[in-house]
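In my numbering, the protein residues as written are 75 to 668.
Positions of the beta carbon are idealized from the N, C-alpha and C atoms, including for glycine.
Working notes for the structure below.
See below:
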């Protein structure tokens, strides 16, 4: 029996050691190895006259996604790509003699933000400018797909398909009625008339201020959409608004008549036409390469390309929280540690901070800001690129920079602060629970959730909020060259589009991540001798294993499940509010724009 346990223990220990050794290997290197075998079989290498296939349902996120081990081993990579992989691959294809055209496949709906899609549009425009054709096909075309498809030389729609053209809307979930019904009390402290992040807990509908700012934001995003698509197509700029007001969802014949699409056709007919375009016989396979495979091929081509001059692209994506954070959040400690390492790295000559965040913990934001300040003091420029969203704490960390880039439809601003203080006294009492306490000071029980806060306690939390808000205004005033009065006028927790943010001097320049990187290269005077390195690195294998075992998520396709997941996301966000002072620089409850 002893030998049996020894053997079991030895086997387990050996397995753990093996896993530990494997975990020291870079996941990206392993993926590159798999991709190398795939490339040797021609997976990512285009043949002559190939069509680059871009699935518009691809999830595009800022940082490089971590592929699950199961998918890697199976050779089944998920349709998730980083924004740079998408845009750089499209631009590489524009210069690739073997790529003759690009096919936008819209059979899976896009869920990406409009600022992200605008940057993809710019890459597609470069592709067209190189004299290459773009084709698009869809069955149920939403505005997001049309935002890209409008660039196409030919837009094909299934004869039984539809085109959605009903404008943009934002729906907010409010909890106040449910909290009242269950006896959960909520007290709030805040600064800023537009700081509406607390409204789901205190109201049952939009406040006038929140409605005003949401209407203004949606109007800017919708105007950008109309201007972009009308500039691509032969219809009047007023047509999208007219359709949104009168029809909403267009039948195929109407979409073709209004010149939103060029042709009604089934997929097999499209395939035949693409074969004709590429000079392929109808009984042969269409020469094609998937964007994900082509992206891996481009990554392989960069292996061995080195330089002693690096531009570090640091991704700050998700809610800002104290501590280490998670793969879906920005940990104040983990990000500041990463920034400190980059400051001490002699090869890093400039830092591009890519922000896609609604904010979060005020203290965590300040911890991150300090490291950015030290980087600049080390004579390394810090350039900020704002993605779909850079608000509240997300804008707080942007202020320590040499230049701020945003897309016209980036959601930004929300300079305001709030605190939320729940209590469960009523629900507890209603179910037979009571509390009692002994304390050595009047405020010893300040942090309890068993009762509402007293007037004196609320004053303490309000003082925290006022203090943080004052510091926020100071940060913006010094960084943006504005007086405190000017900042107060544009603050108040209000969100702005990137275009409006530039007009009020919260943003320096309109442009995407590529423009920010180019500016960093110029500012650091690197010329052509540089390489781009991205941080943070992908998850370790241990984290991947844990995530695969315990991190499975529901894929919601029906409206009821989608509402349930939105509720879960709201609860998850509430649970992530871990600032020690309970003070947050977080934008109005993140709008769901459809």
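Item: Test item: CB-CB of residue 227 and residue 208 under 7 Å; Value: yes
Item: Presumed contact (8 Å Cβ cut-off) between residue 488 and residue 433, rounded CB distance; Value: 7 Å
Item: 3-residue-minimum beta strand (DSSP E) runs that sit fully inside the segment 225 to 313, ordered along the chain; Value: 228 to 239 and 259 to 265
Item: Three-state secondary structure (DSSP) of residue 469; Value: helix
Item: Pairwise C-alpha distance: residue 566 and residue 529; Value: 24 Å
Item: Where residue 362 falls, given that 16 or more other Cβ within 10 Å makes a residue buried; Value: buried
Item: Alpha-carbon spacing of residue 288 relative to residue 211, whole angstroms; Value: 32 Å
Item: Assigned secondary structure, residue 406 (DSSP; H/G/I helix, E/B strand, else coil); Value: helix
Item: One or two residues paired with residue 538 in a DSSP bridge; Value: DSSP lists no partner for residue 538.
Item: Sheet register partners of residue 460 (DSSP bridge); Value: 429
Item: Beta-carbon spacing of residue 352, residue 123 below 7 Å; Value: yes
Item: Environment of residue 505 [buried if 16+ CB atoms lie within 10 Å]; Value: exposed
Item: With 16 other Cβ atoms within 10 Å as the buried cut-off, status of residue 453; Value: exposed
Item: Residue 174 classed as buried or exposed, judged by whether at least 16 other C-beta atoms fall within 10 angstroms; Value: buried
Item: Pair within 7 Å by beta-carbon distance, residue 431 and residue 396; Value: no
Item: Supposed close pair residue 518, residue 498 - CB separation, criterion 8 Å; Value: The Cβ separation is near 19 Å, so there is no contact.
Item: Whole-angstrom distance between residue 542 and residue 436, CA atom to CA atom; Value: 7 Å
Item: Whole-angstrom C-beta distance between residue 193 and residue 157, which should lie under 8 Å; Value: 6 Å
Item: Inter-residue Cα distance where the pair is residue 264 and residue 531; Value: 14 Å
Item: Option in 411, 282 and 231 with minimal Cα separation from residue 326; Value: 231
Item: With 16 other Cβ atoms within 10 Å as the buried cut-off, status of residue 486; Value: buried
Item: Rounded straight-line distance, which links the Cα of residue 245 to that of residue 200; Value: 35 Å
Item: Member of 336, 546 and 458 whose CA lies at the smallest distance from the CA of residue 223; Value: 336
Item: Length of the line joining the Cα atoms of residue 605 and residue 419; Value: 14 Å
Item: Burial state of residue 187 (16 or more Cβ within 10 Å); Value: buried
Item: According to DSSP, residues forming a beta bridge with residue 176; Value: 126 and 208
Item: Residue 119: CB within 6 Å of a non-hydrogen atom of the ligand SAH; Value: Ligands are entirely absent from the displayed structure, and the ligand SAH is therefore not among its contents.
Item: Residue 189 beta carbon less than 7 Å from that of residue 19; Value: In this structure the chain extends from 75 to 668, so residue 19 is not present and cannot be described.
Item: Through-space distance from residue 168 to residue 609, alpha-carbon basis; Value: 27 Å
Item: Three-state class that DSSP yields for residue 496 in the structure shown; Value: strand
Item: Range covered by the alpha helix (DSSP H) that runs through residue 489; Value: Unbroken run through residue 489: none, as it is neither H nor E.
Item: Buried or exposed (CB count within 10 angstroms, at least 16 for buried), residue 693; Value: Outside the displayed range of the chain (75 to 668) lies residue 693, so it cannot be described from this structure.
Item: DSSP state of residue 337 mapped onto helix, strand, coil; Value: strand
Item: Integer Cβ distance of residue 257 from residue 496, believed to fall under 8 Å; Value: Rounded, the Cβ-Cβ distance is 11 Å, inconsistent with contact.
Item: Start-to-end residues for the beta strand (DSSP E) that takes in residue 133; Value: 133 to 135
Item: Helix, strand or coil at residue 477 according to DSSP, with G and I counted as helix; Value: strand
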